[in-house]
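Written out below as structure tokens is the structure these notes cover.
Protein chains in written order, with the numbering used here: chain A, 25 to 287; chain B, 11 to 309.
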């Protein structure tokens, strides 16, 4: 049974000024995600990826179409969310930031949380405030928080895009290892093709305007390193798909060739 | 070959030559110097003017107030003109501030959360802000007569709008990204209020309450001046009108000031520090000793 089913999702935002048309961020996005898979939505900036995650999490509502999110057994799904920035409460310690998203405030829950902090390598930092931690460590707290709710669907919105390259690379490798342990269903959003190839077992390419463009299954063994020849080769193939998508867009609207290049 | 060099830079010790500069730059020395200069200026002004009492004359009046039994009763350390009148004014201010918080906090918060509530209260708050406290004081004495109700009413209507405006600003400034995060994790409303909204607004709330206490205290003393037969304001007027004694007026003026300072420094600042302890913890990080690990590669 599909954990997430998106059917012809359209999202329009009101025009920024009176005389302009409405802004269509998503234009009939349509796909399903089954359990225990790591699916990545890849697309250029502004193609509506983050908007889609906001709709799935309930922060936004679709203009039309529907999204259903269910646990494997068909019950309403628990969601976890890792944002681009860590979004931690600066006045709460690391452990209290994790406790914040749990209804159960017992000592048992604290023990449960400690396991997830351990999993992301933050044992010993429980009583520190977020400002004491580096950007990478703060993002680890965000990842531990999302995994600690034991979500049926974990949403990750470009979680490494604000980090330096070395930290992001280390966290990508850690995420692979955590995912191998937990096998949670993940919907990951990025515009970094290499990141998508390294992490996911399925890639959905979203075109400008928020439309489905391609759906690619990846059957490479984990762990995958950026330097693996198979990863680099698949990255090149997917970049070709992006170039093709960009060319088609420019044929439809030649003015775009002036201000945008292929990926 | 690779070498790792570790440099430890410590805060330099103060030697005798730097002593005077260190004393002049000391925060506590600066505060006490300012207080002593004010005291000296006050003494000079008192010596130059017949109508301006010196610090010594002021203290003498306070001692006399302390030695006079309250309301011609039996004297005790608690039952004298100084302590009883002060206590009456403090009680009135306490009740007023409690009501100000009870009314101002939820209205300010809800105005920030829902535009409809903001639309409903904006004009009312503006009118209350624009109304001078002495107008309320006169009306309150006419409506309620002598007693507790007039000073408490005046203090509440004068201090509430200020607190509402502060809390409204705090409510509007609750970070949007943290609210979205709470939505995404479906955090219950009570948890959000306690762990997100209140800590986020705490700076604005404390600033608002601080001003409310000062405003309420001023209003209570003002109403007591012409609409009460007890309290700090009444006692100040009594010295001024009945005895034409500037020393008594000045002495009670000083008492009123000292109470505000004790409340502000002794209570509100401590609460502020306790609530914002996390900011201090951040500031302490690696402040005194800086260790620099400098790794160098050598051919």
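Even glycine gets a Cβ: it sits at the ideal position worked out from N, Cα and C.
Computed from a predicted model, the values in this text were never measured in an experiment.
Original post:
Are there 16 or more other CB atoms within 10 angstroms of the CB of residue 102(B), so buried, or fewer, so exposed?
Top reply: Around the beta-carbon of residue 102(B), 16 or more other beta-carbon atoms lie within 10 Å, marking it buried.
Subject >> Min CB distance residue 92(A) to chain B below 7 Å >> reply: With a threshold of 7 Å between beta carbons, residue 92(A) makes no contact with chain B.
Original post:
Which of helix, strand or coil does DSSP assign to residue 206(A)?
Top reply: Helix, per DSSP.
**OP:** Alpha carbon to alpha carbon, how far is residue 156(A) from residue 294(B)? Give it in angstroms, no decimals.
**Re:** With a pLDDT of 44 at residue 294(B), under the threshold of 50, the modelled position of this residue cannot be trusted; read the value that follows with caution. The alpha-carbon atoms of residue 294(B) and residue 156(A) are separated by roughly 10 Å.
Subject >> Simplified DSSP assignment, three categories, for residue 287(B) >> reply: Residue state for residue 287(B) is assigned as helix, using DSSP reduced to three classes.
Original post:
Is residue 179(A) closer than 7 Å to residue 105(A) when the C-beta atoms are compared?
Top reply: The Cβ atoms of residue 105(A) and residue 179(A) sit closer than 7 Å to each other.
Subject >> Which of helix, strand or coil DSSP assigns to residue 78(B) >> reply: Here residue 78(B) sits in coil by DSSP.
Subject >> Inter-residue spacing [alpha-carbon to alpha-carbon] between residue 243(A) and residue 216(A) >> reply: Answer to the nearest angstrom: the Cα atoms are 19 Å apart.
Original post:
Given a threshold of 16 other Cβ atoms within 10 Å of its Cβ, counted over all protein chains shown, does residue 252(B) qualify as buried or as exposed?
Top reply: The residue in question, residue 252(B), is exposed, as its Cβ has fewer than 16 Cβ neighbours within 10 Å.
Original post:
Can you name, in chain order, every residue of its own chain whose Cβ lies under 7 Å from the Cβ of residue 137(A), other than the five neighbours on each side?
Top reply: Within the same chain, residue 137(A) has close Cβ partners 119, 122, 123 and 172.
Original post:
For the 8 Å Cβ check, are there 3 or more pairs between the stretch 142 to 153 of chain B and the stretch 178 to 195 of chain B?
Top reply: Under the Cβ criterion (8 Å, minimum of three pairs), the stretch 142 to 153 of chain B does not count as touching the stretch 178 to 195 of chain B.
Original post:
How about residue 165(B) and residue 230(B): are their beta carbons less than 7 Å apart?
Top reply: The answer is yes: Cβ separation under 7 Å.
**OP:** Would you check if the distance between the CB atom of residue 255(A) and the CB atom of residue 222(A) is smaller than 7 Å?
**Re:** In this structure, residue 222(A) lies closer than 7 Å to residue 255(A) by Cβ.
Original post:
Hey, out of 251(A), 150(A) and 158(A), whose CA is closest to residue 197(A)'s CA?
Top reply: Of the candidates 251(A), 150(A) and 158(A), the one whose C-alpha sits nearest the C-alpha of residue 197(A) is 251(A).
Original post:
Residues of chain A with CB under 8 Å from residue 193(B), in chain order?
Top reply: 81, 82 and 83, listed in chain order.
**OP:** Pick out whichever of 258(A), 101(A) and 169(A) has its Cα sitting closest to the Cα of residue 241(A).
**Re:** The option with the nearest alpha carbon to residue 241(A) is 258(A).
Subject >> Paired residues, beta bridge with residue 235(A) - DSSP >> reply: For residue 235(A), which the question treats as bridged, DSSP gives the partners 231(A).
Subject >> chain C contacts made by the stretch 258 to 289 of chain B, where a contact means CB separation under 7 Å >> reply: Among the chains of the structure shown, chain C does not appear; the protein chains present are A and B.
Original post:
So which residues of chain A does residue 197(B) contact, with C-beta pairs closer than 8 Å?
Top reply: Ordered by position in chain A, the residues that pass the 8 Å Cβ test against residue 197(B) are 124 and 125.
Original post:
If you measure from the beta carbon of residue 74(A) to each beta carbon in chain B, is any gap under 7 Å?
Top reply: Answer no: the Cβ-Cβ gap between residue 74(A) and chain B never drops below 7 Å.
Original post:
If you follow the alpha helix (DSSP H) that residue 143(B) is part of, which residue opens it and which one closes it?
Top reply: Where residue 143(B) is concerned, the enclosing alpha helix (DSSP H) stretches over 143 to 154.
Original post:
Around the Cβ of residue 39(A), are there at least 16 other Cβ atoms within 10 angstroms (buried) or fewer (exposed)?
Top reply: So residue 39(A) ends up on the exposed side.
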